[in-house]
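**Q** There's a structure below that I have some questions on.
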Amino acid sequence: MLILISPAKTLDYQSPLATTRYTQPELLEHSQQLIHQARQLSAPQIARLMGISDKLADLNATRFHDWQPHFTPDNARQAILAFKGDVYTGLQAETFSDADFDFAQQHLRMLSGLYGLLRPLDLMQPYRLEMGIRLENPRGKDLYQFWGDIITDKLNETLASQGDRVVINLASEEYFKSVKPKKLNAELIKPVFLDEKNGKFKVISFYAKKARGLMSRFIIENRLTKPEQLTAFNSEGYFFDEETSTQDELVFKRYEQ
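And the structure:
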């Protein structure tokens, strides 16, 4: 079983590390091509392209300039410990045991605009390049065209090496669009998280993102390998709703607190 999650815009390169083990990203030659494109942008161009402040644009222009392909623990950090958004608040990888990191390294993948696909212990230099950004490049008008079938091929390679055919999609729509479902040699299962608000159940972005992290943690901690085991998920008040679920979409609900 392979779990897919999105990266985060917020990064943490200061906190103490939960592990000193690391691996190298597998698609760095493609990342280098994107860095080459990004270095041609001025800070004001970055601000317009990404819709960010001048201060953030300056920071990211510097990051693109400083980026270099030789990743070490001195200039990079394990991806699962560097990302710090809502999904990662639910995941809490900083409390993982060595065995948790082992299982996650095998079964969890982070989609990334710059790195394509990251394993938890892959070193990562800081960046901001969201998958939905229209960065023109030699392969097309945006990052979806740049990555093409590369991410899907890598996922298929990983699934084949594990003798597995199940992908749990816990990524956002923006990021999952970089995967080609029709070319993926796997059964796709998408958990959906609905929170009650004024008597109605709906997707509330902040809660749904955190729940994706909670579900990832639940799979990792319990070493789950079969999709039917996901229905036992009950972290922070969520429960499986069999009535509204389908074979490829598992619905989890939570009553208003």
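For reference, each letter of the sequence shown is one residue, going 10 to 266 in my numbering. Note that the Cβ used here is the ideal one computed from N, Cα and C, for glycine as well.
For the beta strand (DSSP E) holding F202, just list the boundary residues, first then last.
**A** Residues 196–206.
**Q** What is the rounded straight-line gap between the Cα of I127 and the Cα of L259?
**A** The sequence shown places Leu at residue 127, rather than the Ile named in the question. Going from the Cα of L127 to the Cα of L259 covers about 25 Å.
**Q** Checking 8 Å against the spacing of the C-beta atoms, do M224 and P190 come in under that value?
**A** No; because the gap between Cβ atoms is not below 8 Å, this pair is not in contact.
**Q** Tell me, please, which residues DSSP counts as bridged to E182.
**A** Answer by DSSP bridge pairing: none, since E182 is not bridged.
**Q** Round the Cβ separation of I14 and L117 to the nearest angstrom and send it over; I've been treating them as touching at under 8 Å.
**A** Confirmed, Cβ separation roughly 7 Å.
**Q** Going by beta-carbon coordinates alone, are L130 and Y22 separated by less than 8 Å?
**A** Not closer than 8 Å, so no.
**Q** In three-state DSSP terms, what is E258?
**A** It is a strand residue.
**Q** According to DSSP, what are the bridge partners of V176?
**A** According to DSSP, V176 bridges with L11, L197.
**Q** Below 8 Å CB to CB, which residues in the same chain sit around A169 once its five sequence neighbours on both sides are set aside?
**A** Hits under 8 Å: N194.
**Q** What residues are listed by DSSP as bridge partners for R86?
**A** R86 pairs with M133.
**Q** Roughly how many angstroms lie between the CA atoms of K218 and K262, to the nearest whole one?
**A** Roughly 14 Å separates the two Cα atoms.
**Q** Under the rule that 16 or more other beta-carbon atoms within 10 Å means buried, what is N207, buried or exposed?
**A** Burial call: exposed.
**Q** For H39, is the classification buried or exposed, using 16 other Cβ atoms within 10 angstroms of its Cβ as the cut-off for buried?
**A** Label assigned to H39: buried.
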